[in-house]
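Okay, so here's the structure we're looking at.
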Amino acid sequence: MLSISTIKAGQAAALSDYYSAKVSAGELTPEQAIERQVADRAAEIAEGRGLSDEDAMALAKREQLMKSGLAATQGAGAYYKSAEEKPRLVWIKGGGPKGARVTDEQLLAHLQGFTADGSRRLLDAHPKRLQAIARELGMADDAVMEGPALAAVREGLHPETGAPLEGRAAKMARAAWAAKDHSDTQVTTYDLTFSAPKGLSVLAGFGDEKLRERIIGLHEQAADAAMEWAETADIFAVSRGHAREIALGATPLQTMRKTELSSRAGDPLISHVLMSAAAVGDDGRRTTLDGRSVYHASRVIRSRYEATLATLVQEEMGITIALNEAGVREVVGFDEGVLEQYSKRSAEVAEKLAELQRADRLLVTRVESDRLGYEEAAERRDAGVPLDAEQAQMADDWDRYEQVLREWASGRVATSTRQKASLESRSTKGELSEQEQLRVWATAADRPDVARLLGDVRRVTQGQRQAATVESVVAAALARATSDASVIRQKDLVASLHEVWPAAWPMENLLTVQQALMQSEELLQLTEHTLLQPGAGPVARGSSSPPARP
Numbered sequence: 001m002l003s004i005s006t007i008k009a010g011q012a013a014a015l016s017d018y019y020s021a022k023v024s025a026g027e028l029t030p031e032q033a034i035e036r037q038v039a040d041r042a043a044e045i046a047e048g049r050g051l052s053d054e055d056a057m058a059l060a061k062r063e064q065l066m067k068s069g070l071a072a073t074q075g076a077g078a079y080y081k082s083a084e085e086k087p088r089l090v091w092i093k094g095g096g097p098k099g100a101r102v103t104d105e106q107l108l109a110h111l112q113g114f115t116a117d118g119s120r121r122l123l124d125a126h127p128k129r130l131q132a133i134a135r136e137l138g139m140a141d142d143a144v145m146e147g148p149a150l151a152a153v154r155e156g157l158h159p160e161t162g163a164p165l166e167g168r169a170a171k172m173a174r175a176a177w178a179a180k181d182h183s184d185t186q187v188t189t190y191d192l193t194f195s196a197p198k199g200l201s202v203l204a205g206f207g208d209e210k211l212r213e214r215i216i217g218l219h220e221q222a223a224d225a226a227m228e229w230a231e232t233a234d235i236f237a238v239s240r241g242h243a244r245e246i247a248l249g250a251t252p253l254q255t256m257r258k259t260e261l262s263s264r265a266g267d268p269l270i271s272h273v274l275m276s277a278a279a280v281g282d283d284g285r286r287t288t289l290d291g292r293s294v295y296h297a298s299r300v301i302r303s304r305y306e307a308t309l310a311t312l313v314q315e316e317m318g319i320t321i322a323l324n325e326a327g328v329r330e331v332v333g334f335d336e337g338v339l340e341q342y343s344k345r346s347a348e349v350a351e352k353l354a355e356l357q358r359a360d361r362l363l364v365t366r367v368e369s370d371r372l373g374y375e376e377a378a379e380r381r382d383a384g385v386p387l388d389a390e391q392a393q394m395a396d397d398w399d400r401y402e403q404v405l406r407e408w409a410s411g412r413v414a415t416s417t418r419q420k421a422s423l424e425s426r427s428t429k430g431e432l433s434e435q436e437q438l439r440v441w442a443t444a445a446d447r448p449d450v451a452r453l454l455g456d457v458r459r460v461t462q463g464q465r466q467a468a469t470v471e472s473v474v475a476a477a478l479a480r481a482t483s484d485a486s487v488i489r490q491k492d493l494v495a496s497l498h499e500v501w502p503a504a505w506p507m508e509n510l511l512t513v514q515q516a517l518m519q520s521e522e523l524l525q526l527t528e529h530t531l532l533q534p535g536a537g538p539v540a541r542g543s544s545s546p547p548a549r550p
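In UniProt numbering, the protein residues as written are 1 to 550.
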């Protein structure tokens, strides 16, 4: 399983010592702490300047948004820090040797969008380009463009005199930092969270240290392989052109991985891959990734991780991972009672999702009772007309109303709704460290019998060693891709193939089977769906002519 969230430069803006302590103690969420800090600041402004509460709150919120610097990510940094004896927070690429432990300072710099040593922003021009600017400014040949000097030039000022840059130096600086947003709202990092199948998580949590480290190693190996494949497959992109109409392949500049083996809700084994939003495009320019490419790539990355992990545990442990009846990859033959016992987190998310959906139904009823009024409020807001609090809420409700109708029409729950359910169902209590959690699991009265569980799933695997044929895999991939789609894209077919890939098959055979899928008669004769190829328009639903081969 894979989920994606973003980290912004000012997301966890500078909490006071008091509220930071409250957050650490688990009494407040970071969001609640920030809200209280803003409220306190608004009270100070109102009293000191004699402003109304509304104006004071607006100023306090603006101050909070404008805060930047390394302290801005302390809240996010604390979440990802690793205090474990084993290096659970390590570099994958860019900031240090692969597998090297990430220091707290490097983590904070990374989340803020800086190089590992904090000397430069990742989106700063290439060092050679900075040297050219330094020479144009008459700086010494051995001068290093970093720190205060770099900050001054970035703002269009001479690093020695503080005067505005002029002439060629000014043009070079403007070109080096053209259209780059370094505000607190800038996305600096993508958190791609890889979750191991529940059965593997249980085995890792309750098994001995040797078994635990073996499973964690395979999980991390699969996550790293999926990320490396994503880069070589060129599925991340940056946008170019005045209207961002041109997409170029891109490579993220820095990536680190944080693995967690502790969870209040019994979903222990996950890895956060913290990938910088800063990337170098195929044209050599450094800009932020097109967020759409990251989210569009998530399905294929997830499928690659799951297929690779299934292959690794099959080869290394004699365990099969396959799709269950719910369409989720799970350890075949694992005790369902044990899985249910340690699936509290999934149940929490499902309960919150149902609650949000009930609220959506009530919202739809409310909006449709005065549809014209809600729509008019949204139109007035979009036209820049000032609204009172009630009208502003009506405009926001109209936006949500339209989104809910789109979800209902598609028959799917939007990713944003699922993410909201996940976020709102989180407990505010602090989590135990890995060592503390392991001690809790070791003394649990109802701890599962790991030896029995392992024996059961291995016997099931041995009984199911029946080689699948290429034809059956192609048919399964095609059926999965067309099950709920009216338009099929080549990437959907590839993702479906990853999802049904037999655990016992080596990934090296994937390209051969993919070619068989693209040339299959079933696909060529398919007229109930549409095949959209790169650079080609869709074939109309029900067309008498089959789509061209990809």
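Glycine included, each C-beta is placed from N, C-alpha and C at the ideal position.
Fair warning: this is a prediction, and the values are worked out from it, not measured in the lab.
In the three-state reduction of the DSSP assignment, M507 falls in the helix class, which pools H, G and I. Between I4 and R257 a beta carbon distance of about 15 Å is seen, past the 8 Å cut, so the two are scored as non-contacting.
By DSSP's assignment, G249 forms a beta bridge with A237. In the three-state reduction of the DSSP assignment, F114 falls in the strand class.
By the beta-carbon neighbour count (other beta carbons within 10 angstroms, threshold 16), I246 is exposed. In the three-state reduction of the DSSP assignment, V332 falls in the coil class. Within its own chain, the residues whose Cβ lies closer than 8 Å to the Cβ of G156, once the five positions on either side in sequence are excluded, are P164, L165, A170, A173 and R174, listed in chain order. P97 and I215 have their C-alpha atoms spaced approximately 23 Å apart.
By a beta-carbon distance limit of 8 Å, T189 contacts S276. Their separation comes to about 6 Å. Judged by DSSP in its simplified three-state form, I215 adopts helix. For G373, the enclosing alpha helix (DSSP H) covers residues R371 to D382.
Between A230 and E220, the alpha-carbon positions lie close to 15 Å from each other.
Contact check for I321 and P197: beta-carbon distance about 6 Å, within the 8 Å limit, so the pair qualifies.
The beta carbons of T308 and A279 sit no closer together than 8 Å.
For G199, there is no enclosing beta strand (DSSP E); the residue is found in the alpha helix (DSSP H) stretching over K198 to F206. By the C-beta criterion, the segment 223 to 243 is judged to be in contact with the segment 282 to 291, since at least 3 inter-stretch pairs fall below 8 Å. Restricting attention to L253, Q186, F206 and G205, the CA atom closest to the CA of E228 is found in L253. Nearest to A132 by C-alpha distance, out of G113, A445 and R168, is R168. For the 8 Å CB-CB criterion, R329 and E306 form a contact. Within a 10 Å sphere around the beta-carbon of W408 sit fewer than 16 other beta-carbons, which makes this residue exposed. The beta carbon of G118 is closer than 6 Å to those of A109 in its chain, skipping five residues each way along the sequence. Residue environment for G113: buried (at least 16 other C-beta atoms within 10 angstroms of its C-beta). Of the other Cβ atoms in all chains shown, fewer than 16 fall within 10 Å of the Cβ of T443; this residue is therefore exposed. Residue pairing of Y305 in beta bridges, as defined by DSSP: absent, with no partner found. Residue range V187 to S195 is occupied by the beta strand (DSSP E) that includes S195.
Contact annotation: R120 and E136 have beta-carbon atoms that are not nearer than 8 Å. DSSP, read as helix, strand or coil, puts V450 in helix.
With the rule of 3 Cβ pairs closer than 8 Å, the segment 397 to 405 counts as touching the segment 367 to 380. Pairing L387 with M394, the inter-Cα distance amounts to about 10 Å.
In terms of CA proximity to L123, G281 leads the group P448, G281 and L261. Taken through DSSP and simplified to helix, strand or coil, P87 comes out as coil. Residues of the same chain with a CB within less than 8 Å of the CB of A225, apart from the 5 flanking positions on each side, are R304, Y305 and T308 in chain order.
If you draw a straight line from the Cα of L51 to the Cα of G384, it is about 24 Å long. Taking C-beta separations shorter than 7 Å and ignoring five residues to either side along the sequence, the partners of R480 in its chain run S496, E499 and V500, following chain order. A direct Cα-to-Cα measurement between A149 and Q515 gives close to 54 Å.
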